[in-house]
Amino acid sequence: LAKTTQPISMDSYEGQEVNITCSHNNIATNDYITWYQQFPSQGPRFIIQGYKTKVTNEVASLFIPADRKSSTLSLPRVSLSDTAVYYCLVVGGSQGNLIFGKGTKLSVKP
Amino acid sequence: NAGVMQNPRHLVRRRGQEARLRCSPMKGHSHVYWYRQLPEEGLKFMVYLQKENIIDESGMPKERFSAEFPKEGPSILRIQQVVRGDSAAYFCASSPETYQETQYFGPGTRLLVL
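Protein sequence lines correspond, in order, to chains L and E.
Position in the first sequence (first residue = 1) + 932 = the working numbering.
Position in the second sequence (first residue = 1) + 186 = the working numbering.
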């Protein structure tokens, strides 16, 4: 099972771009990289998923280098409401469950 | 299209009582997952079910915990003889036809054992 490593916390200011990098050295060929966002007292919310290169949606971008051993979640122009915990997960293979680490606690300041 | 529904949102039990947590998956989703989260921790997988079948219960404590997903009705996570250590947030997620598709989470049930 691929394990992920990401910073415990990050601080930013409104309007800045935030990049959160995740390491997943043991990622398997069939695995996808998935990011979730969790606000206090709420369930995790799916943000973005990718396999390689770059994926972009209305919320974020996900950059994955060719070796796929890491990935970077990019949040453009963050606002105070982006303050949350962000989880990087590797999904796929034969298991159905998601393996969550402690995530990255992002604090956006005015 | 309603999301994953969980109830109750908050549940208070005394030690030794039973707790029943319910989860209704998103419409069209046949896979249900239960996770537990302690304060300041990530979610920990407990059990993965399809209709009338338990697929993976490797994260479930061996005693006092059980789960079901009947043909009709919501999935139920049942905790018998609760202890204070069972106090946590319990999240349910659902996914469509295959487990490799994105899981969508409910708002959770916060269980407090007095």
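Quick reminder that beta carbons are idealized off the backbone N, C-alpha and C, glycines included.
Quantities reported herein were computed from a predicted structural model and do not represent experimental measurements.
Neighbourhood of residue i by C-beta distance below 7 Å, restricted to the same chain and skipping five residues each side
{"i": "P293/E", "result": "Q192, R195"}
{"i": "F277/E", "result": "Y221, Q223, L229, F291, G292, G294"}
{"i": "D999/L", "result": "none"}
Beta-carbon spacing of residue i, residue j below 8 Å
{"i": "V1017/L", "j": "Q970/L", "result": "yes"}
{"i": "Q236/E", "j": "H217/E", "result": "yes"}
{"i": "G982/L", "j": "I996/L", "result": "yes"}
{"i": "T1036/L", "j": "Q974/L", "result": "no"}
{"i": "V1040/L", "j": "S944/L", "result": "yes"}
{"i": "F978/L", "j": "Y968/L", "result": "yes"}
{"i": "G189/E", "j": "V268/E", "result": "no"}
{"i": "F251/E", "j": "I265/E", "result": "yes"}
Residue i versus residue j - alpha carbon distance
{"i": "P1042/L", "j": "N239/E", "result": "49 Å"}
{"i": "Q948/L", "j": "P247/E", "result": "44 Å"}
{"i": "L263/E", "j": "I241/E", "result": "15 Å"}
{"i": "L1012/L", "j": "E226/E", "result": "20 Å"}
{"i": "R200/E", "j": "P972/L", "result": "25 Å"}
{"i": "M942/L", "j": "K935/L", "result": "20 Å"}
{"i": "D272/E", "j": "E249/E", "result": "12 Å"}
{"i": "T1015/L", "j": "N989/L", "result": "19 Å"}
{"i": "L1030/L", "j": "L197/E", "result": "25 Å"}
{"i": "K984/L", "j": "T953/L", "result": "15 Å"}
{"i": "S281/E", "j": "E946/L", "result": "34 Å"}
Residues near residue i by beta carbon distance below 8 Å, same chain, minus five either side
{"i": "S993/L", "result": "I980, K986, V987, L1005, S1006, P1008"}
{"i": "I940/L", "result": "K1034, T1036, K1037"}
Residues near residue i by beta carbon distance below 6 Å, same chain, minus five either side
{"i": "R270/E", "result": "V299"}
{"i": "V233/E", "result": "W220, E243, M246, A253"}
{"i": "N957/L", "result": "K1001"}
{"i": "F231/E", "result": "Y221, G245"}
{"i": "T966/L", "result": "Q981, L1021, V1023"}
{"i": "R296/E", "result": "H196, A275"}
Contact test: residue i Cβ vs the ligand ATP heavy atom, cutoff 7 Å
{"i": "I1031/L", "result": "Ligands displayed in this structure: none; no statement on the ligand ATP is therefore possible."}
Integer-rounded CB distance, given that residue j should sit under 8 Å from residue i
{"i": "V950/L", "j": "V1010/L", "result": "5 Å"}
{"i": "A279/E", "j": "Q289/E", "result": "4 Å"}
Check whether the stretch 257-271 of chain E and the stretch 201-210 of chain E are in contact - that is, three or more C-beta pairs closer than 8 Å. yes
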